[in-house]
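Engineer: Take 710 as the starting number for the sequence shown in this note's numbering and just add one per residue. So that we are looking at the same thing, I have put the structure below in structure tokens.
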Amino acid sequence: MHIMPTAPFSAFLDALLPPLCLLCGARIPLRRQGDDVAFCPDCLSDLPVLQAAHCPDCLIETEHGERCGACLAHAPDFDYARALYRYEFPVNRLIHGLKYQARFAPARTWGRMLAVQTADFPADCVLPLPLHAERLAERGYNQALEIARHCACARGLPLERESLQKRRATPPQSSLSLKARQRNLKGAFSCQRDFSGRHLLLVDDVLTTGATANEAARVLKLHGAASVGIAVVARTPRH
Ligand SMILES: [Zn+2]
Ligand SMILES: [Zn+2]
710 MHIMPTAPFS
720 AFLDALLPPL
730 CLLCGARIPL
740 RRQGDDVAFC
750 PDCLSDLPVL
760 QAAHCPDCLI
770 ETEHGERCGA
780 CLAHAPDFDY
790 ARALYRYEFP
800 VNRLIHGLKY
810 QARFAPARTW
820 GRMLAVQTAD
830 FPADCVLPLP
840 LHAERLAERG
850 YNQALEIARH
860 CACARGLPLE
870 RESLQKRRAT
880 PPQSSLSLKA
890 RQRNLKGAFS
900 CQRDFSGRHL
910 LLVDDVLTTG
920 ATANEAARVL
930 KLHGAASVGI
940 AVVARTPRH
């Protein structure tokens, strides 16, 4: 006879076989399981949090937390940005696993943490940064959506998974100059909805140059968005 595991049954299994920390393999204390199933408290507190002194617009490290030169010269199209971590070990390894090896365990933890971090942004809904259909077919999932769904759920907001679409596959932005990046992104996104007067929270795994998030925000604003916030797991440091 086959028995489908029910919720109480899986809770019972968790009690017998507590989840293990993704980083050190330690058993995660029971009281923590509701919050952060992916990491034990020690590993969670050792992760490289975003440096306190950063540009308020794009989150790049600055000496005293002042606005960076690039943002002073040209303010981003997004109005708000939050990141949990610096894109450094072991966060980079975990993101790589989430992106290319379907290791989803951290997505729930990070989505929920981003919900807490962005509580001061009055979002009406949450959108994942989309992947182009070809990349989606290759990979089978969009890692940004895996994080965004938990963020939306924890904030009690609707998840807009189809409204913003990536029309073209674009080469990695970090290998291009600023001019080439902007050219490369022209027409990369399309939007299917009128977002008039709405406040949108865009979720992605990593903020690298900011050019992609910026172009997505620009397109959402062309479709009426009153404001666009960016929430990412990690910000790459200055080169
Ligand atoms: Zn651990
Ligand atoms: Zn900046």
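Using N, Cα and C, we set each Cβ at its ideal position, and we do this for glycine too.
So what does DSSP say about SER899, is it helix, strand or coil?
Structural biologist: Position 190 of the sequence shown, counting from 1, holds the residue named residue 899. Residue state, collapsed to three classes: strand.
Engineer: Helix, strand or coil for ALA926, going by three-state DSSP, please let me know.
Structural biologist: Here the question's residue 926 lines up with position 217 in the sequence shown. Helix.
Engineer: Apart from the five residues just before and just after ALA735, which ones in its own chain have a Cβ nearer than 6 Å to its Cβ?
Structural biologist: Counting from 1 along the sequence shown, the entry for residue 735 is found at position 26. Once the five neighbours on either side are set aside, the close Cβ partners of ALA735 are CYS749.
Engineer: Does chain B have any CB closer than 8 Å to the CB of ARG776?
Structural biologist: Among the chains in the structure shown there is no chain B, since it carries only a single protein chain.
Engineer: Excluding five sequence neighbours on each side, which residues of the same chain lie with their C-beta closer than 6 Å to the C-beta of ARG821?
Structural biologist: Within the sequence shown, numbered from 1, the residue matching residue 821 stands at position 112. Same-chain partners within the cutoff: HIS859 and ALA863.
Engineer: What is the DSSP secondary structure of SER754, reduced to helix, strand or coil?
Structural biologist: Here the question's residue 754 lines up with position 45 in the sequence shown. The answer is helix: DSSP assigns SER754 an H, G or I state.
Engineer: What residues match up with VAL912 in a beta bridge as DSSP calls it?
Structural biologist: In the sequence shown, counting from the first residue as 1, residue 912 sits at position 203. The partner list for VAL912 (beta bridge, DSSP) reads PRO837 and ALA940.
Engineer: Taking buried to mean at least 16 other C-beta atoms within 10 Å of its own C-beta, is HIS763 buried or exposed?
Structural biologist: As a working mapping, residue 763 is identified with position 54 in the sequence shown. When all chains shown are included, HIS763 counts as buried.
Engineer: Please check the pair ARG892 and ALA934, which I expect to be a contact at CB under 8 Å, by giving their CB distance rounded to whole angstroms.
Structural biologist: Along the sequence shown, read from residue 1 onward, the residue named residue 892 stands at position 183. Along the sequence shown, read from residue 1 onward, the residue named residue 934 stands at position 225. Incorrect: roughly 24 Å between the Cβ atoms, too far for contact.
Engineer: To the nearest whole angstrom, what separates the beta carbons of LEU868 and ALA857, a pair I think is in contact under 8 Å?
Structural biologist: Residue 868 sits at position 159 when you count from the first residue of the sequence shown. Residue 857 sits at position 148 when you count from the first residue of the sequence shown. That pair is a contact at about 6 Å.
Engineer: Flag this pair as touching only if the stretch 784 to 792 and the stretch 918 to 934 have three or more C-beta atom pairs under 8 Å; answer yes or no.
Structural biologist: Flag = yes, the stretch 784 to 792 and the stretch 918 to 934 touch.
Engineer: For the beta strand (DSSP E) containing ASP809, list its first residue and its last residue.
Structural biologist: The residue given as residue 809 occupies position 100 in the sequence shown. The sequence given here has Tyr at residue 809, not Asp. Note, TYR809: premise wrong, no beta strand (DSSP E); alpha helix (DSSP H) at 800 to 809.
Engineer: Using the DSSP secondary-structure output, state which residues sit across from LEU875 in a beta bridge.
Structural biologist: In the sequence shown, counting from the first residue as 1, residue 875 sits at position 166. For the record, residue 875 in the displayed sequence is Lys; it is not Leu. LYS875 is bridged to HIS841 and PHE898.
Engineer: Going by beta carbon distance, what residues of the same chain come within less than 6 Å of ASN923, once the five residues before and after it are set aside?
Structural biologist: Stepping through the sequence shown from its first residue, residue 923 is reached at position 214. Cβ neighbours of ASN923 beyond the five flanking positions: PRO785 and ASP786.
Engineer: Could you have a look at HIS932 and say whether DSSP puts it in helix, strand or coil?
Structural biologist: Against the sequence shown, residue 932 aligns to sequence position 223. The answer is coil: DSSP assigns HIS932 none of H, G, I, E or B.
Engineer: Pair every Cβ in the stretch 899 to 917 with every Cβ in the stretch 828 to 841, then say whether three or more of these pairs are closer than 8 Å.
Structural biologist: Touching, per the Cβ criterion.
Engineer: Among residues of its own chain, excluding the 5 on either side of HIS841, which ones have a beta-carbon nearer than 8 Å to its beta-carbon?
Structural biologist: The residue you call residue 841 lines up with position 132 of the sequence shown. Same-chain partners within the cutoff: LYS875, ARG876, ARG877, ALA878 and THR879.
Engineer: Return the CA-CA distance between GLY774 and LEU759, expressed in angstroms with no decimal places.
Structural biologist: Reading the sequence shown from its first residue, position 65 is the one you call residue 774. Reading the sequence shown from its first residue, position 50 is the one you call residue 759. If you take the alpha carbons of GLY774 and LEU759, they lie about 12 Å apart.
Engineer: How big is the Cα-Cα spacing for MET713 and LEU726?
Structural biologist: Position 4 of the sequence shown, counted from the first residue, corresponds to residue 713. Position 17 of the sequence shown, counted from the first residue, corresponds to residue 726. Bear in mind that the predicted position of MET713 carries a pLDDT of just 48, short of 50, making it too unreliable to give a figure here.
Engineer: Relative to ligand 1, what is the chain-ordered list of residues with a Cβ closer than 5 Å to any of its non-hydrogen atoms?
Structural biologist: Going along the chain, the residues that qualify are CYS730, LEU732, CYS733, ALA735, CYS749 and CYS752.
Engineer: Going along the chain, which residues of its own chain have a beta-carbon closer than 8 Å to the beta-carbon of PHE898, five neighbours each way excluded?
Structural biologist: Along the sequence shown, read from residue 1 onward, the residue named residue 898 stands at position 189. Cβ within range, chain order: PRO839, LEU873, GLN874, LYS875, ARG876, GLU924, ALA925 and VAL928.
Engineer: Let's see if you can read the secondary structure: which residues bound the beta strand (DSSP E) around ALA762?
Structural biologist: Here residue 762 corresponds to residue number 53 of the sequence shown, with the count starting at 1. ALA762 -> no beta strand (DSSP E), and no H or E assigned at all.
Engineer: Within the continuous alpha helix (DSSP H) that includes ALA861, where are the two ends?
Structural biologist: As a position in the sequence shown, residue 861 is number 152, starting the count at 1. Element bounds for ALA861: 852 to 864.
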